[in-house]
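Asks: Count the sequence shown with the working numbering and you get residues 25 to 96, in order.
Cβ coordinates follow ideal geometry from the N, Cα and C atoms, glycine included.
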Amino acid sequence: MVTVQLQRRGVYRHPMPVGVRTASGWTVVRAEPLPDRQTVRIVLAEPPMDVWLDPFGTVESRTTAQSRFVLP
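Pasting the structure below:
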């Protein structure tokens, strides 16, 4: 089992993906979107090789998302 402590930074609330890579590939779970701090536990059949937050870059950050507003 892999245990990951997450702490939100900023105001963006999203079910952030947490991935663990093993020799067989990736296992990805989503954290809860609302807590500021939480613990995510991922049960694996193999030893972990890597642990990444958003391993495939699927979450748009508020700084990279295109704005709907035009600033003067």
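Could you compute how far the alpha carbon of residue 65 sits from the alpha carbon of residue 79?
Replies: Looking at the two C-alpha atoms, the distance is approximately 16 Å.
Asks: Mapping the DSSP letters down to three states, classify residue 68 as helix, strand or coil.
Replies: Residue 68 falls in the coil class under three-state DSSP.
Asks: Thinking C-beta only, is residue 52 closer than 9 Å to residue 68?
Replies: No. Outside cutoff.
Asks: Using CA atoms only, rank isn't needed, just tell me which of 73, 58, 40 and 47 is closest to residue 82.
Replies: Ranking the options by Cα distance to residue 82, first place goes to 40.
Asks: In the DSSP assignment, find the beta strand (DSSP E) that holds residue 57 and state where it starts and stops.
Replies: Where residue 57 is concerned, there is no enclosing beta strand (DSSP E), given that its DSSP letter is neither H nor E.
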